[in-house]
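Chemist: Residue numbers (our numbering), protein chains in the order written: chain A, 1 to 114; chain B, 1 to 110. Below you will find the structure I want to go over with you.
Have a look at this one:
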């Protein structure tokens, strides 16, 4: 039973394209997150949703747009992909509204923009 | 905002030795400090956490200490094993975002 799943696992695409990454959690958690991990392994929060409501929106280009159709799903759509968007994107979920609960991470989506 | 510094960036030990990773944070309002382990090709996984009302917490070979006055916390792994080899991240939160350190790559050689 996968707790937090992401699709696709790998994504290779050309600059300028639009792509989406999907995330689903079956833990019954209220809060979901998107993180970006760069080539130096630095993990940085991008967005957080609680029961479909956006609660954290860090300084991320407008080309990135999260969407939460229900509390078990949080998708990430990226427009006009740039070389600098190449990274591993992790989805996570936690119970409760704050970031003081255990976050469970998905396996990551490795995005390579050529 | 919060800033978390983590040292060292790489750490190599012999199997059976102890390993210590140290972190400092800047926001005195932070009161939750988790540690995550990330194995190659996988997502980070929580290994231990500590809250500000506790100075030390232990779980088998892993312990975490917190000094709120000095704003630093440390991860201690005793009797290291090859399967402890991974990237370890400290993090801090005051309730909004979880801010991560830059990670420590631990290598345990047998």
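Yeah, the Cβ is synthetic: ideal placement off N, Cα and C, and Gly gets one too.
For a contact defined as C-beta to C-beta under 7 Å, what are the partners of residue 8 of chain B on chain A?
Modeler: Stepping through the second chain from its first residue, residue 8 of chain B is reached at position 8. Going along chain A, no residue has its Cβ under 7 Å from residue 8 of chain B, so there is no contact; the nearest lies around 14 Å.
Chemist: Are there 16 or more other CB atoms within 10 angstroms of the CB of residue 26 of chain B, so buried, or fewer, so exposed?
Modeler: Here residue 26 of chain B refers to the residue found at position 26 when the second chain is read from its first residue. Counting Cβ neighbours within 10 Å, residue 26 of chain B comes out exposed, since fewer than 16 surround it.
Chemist: List, in chain order, every chain B residue whose beta-carbon is nearer than 8 Å to that of residue 99 of chain A.
Modeler: Taking the first residue of the first chain as 1, we reach residue 99 of chain A at position 99. What residue 99 of chain A touches in chain B: 32, 93, 95, 96, 97 and 98.
Chemist: Going along the chain, which residues of its own chain have a beta-carbon closer than 8 Å to the beta-carbon of residue 16 of chain A, five neighbours each way excluded?
Modeler: Here residue 16 of chain A refers to the residue found at position 16 when the first chain is read from its first residue. If we look at residue 16 of chain A and ignore the five residues flanking it on each side, its Cβ neighbours are 80 and 81.
Chemist: Give a yes or no on whether 8 Å exceeds the smallest Cβ distance from residue 46 of chain B to chain A.
Modeler: What you label residue 46 of chain B is simply residue 46 of the second chain in a count that begins at 1. At least one chain A Cβ lies under 8 Å of residue 46 of chain B.
Chemist: Determine whether the beta carbon atoms of residue 37 of chain A and residue 92 of chain A lie at a separation below 8 Å.
Modeler: Along the first chain, one-based indexing puts residue 37 of chain A at 37. Along the first chain, one-based indexing puts residue 92 of chain A at 92. Against a cut-off of 8 Å, the Cβ pair of residue 92 of chain A and residue 37 of chain A comes out as no contact.
Chemist: Compare the C-beta of residue 41 of chain A against all C-beta atoms of chain B and say whether one is closer than 8 Å.
Modeler: In the first chain, counting from the first residue as 1, residue 41 of chain A sits at position 41. Closer than 8 Å: yes.
Chemist: Can you list, in chain order, the residues of its chain with a C-beta nearer than 6 Å to that of residue 32 of chain A? Leave out the 5 residues immediately preceding and following it.
Modeler: Locating residue 32 of chain A in the first chain gives position 32, where the first residue counts as 1. Hits under 6 Å: 49, 74 and 93.
Chemist: For residue 81 of chain A, which three-state DSSP category applies?
Modeler: For this step, residue 81 of chain A is matched to residue 81 along the first chain. Correct three-state label for residue 81 of chain A: coil.
Chemist: Can you check whether the C-beta of residue 45 of chain A is within less than 8 Å of a C-beta belonging to chain B?
Modeler: One-based indexing of the first chain puts residue 45 of chain A at position 45. Yes - at least one Cβ of chain B is within 8 Å of the one on residue 45 of chain A.
Chemist: Select from B:31, B:75, B:51 and B:60 the residue whose C-alpha is nearest the C-alpha of residue 23 of chain B.
Modeler: The count along the second chain starts at 1 and reaches residue 23 of chain B at position 23. Considering only alpha carbons, the answer is B:75.
Chemist: 8 Å is my cut-off, CB to CB: does residue 108 of chain B come that close to chain A?
Modeler: Taking the first residue of the second chain as 1, we reach residue 108 of chain B at position 108. No, no contact with chain A.
Chemist: Is there at least one Cβ from chain A nearer than 8 Å to residue 103 of chain B's Cβ?
Modeler: Position 103 of the second chain holds residue 103 of chain B. Yes, contact with chain A.
Chemist: To the nearest angstrom, how far is it from the Cα of residue 67 of chain A to the Cα of residue 10 of chain B?
Modeler: Indexing the first chain from 1 puts residue 67 of chain A at position 67. Indexing the second chain from 1 puts residue 10 of chain B at position 10. So the two alpha carbons sit approximately 37 Å from each other.
Chemist: On the DSSP letters alone, give me the boundaries of the beta strand (DSSP E) that residue 102 of chain B sits inside.
Modeler: Position 102 of the second chain, counted from the start, is the residue given in the question as residue 102 of chain B. Residue 102 of chain B -> no beta strand (DSSP E), and no H or E assigned at all.
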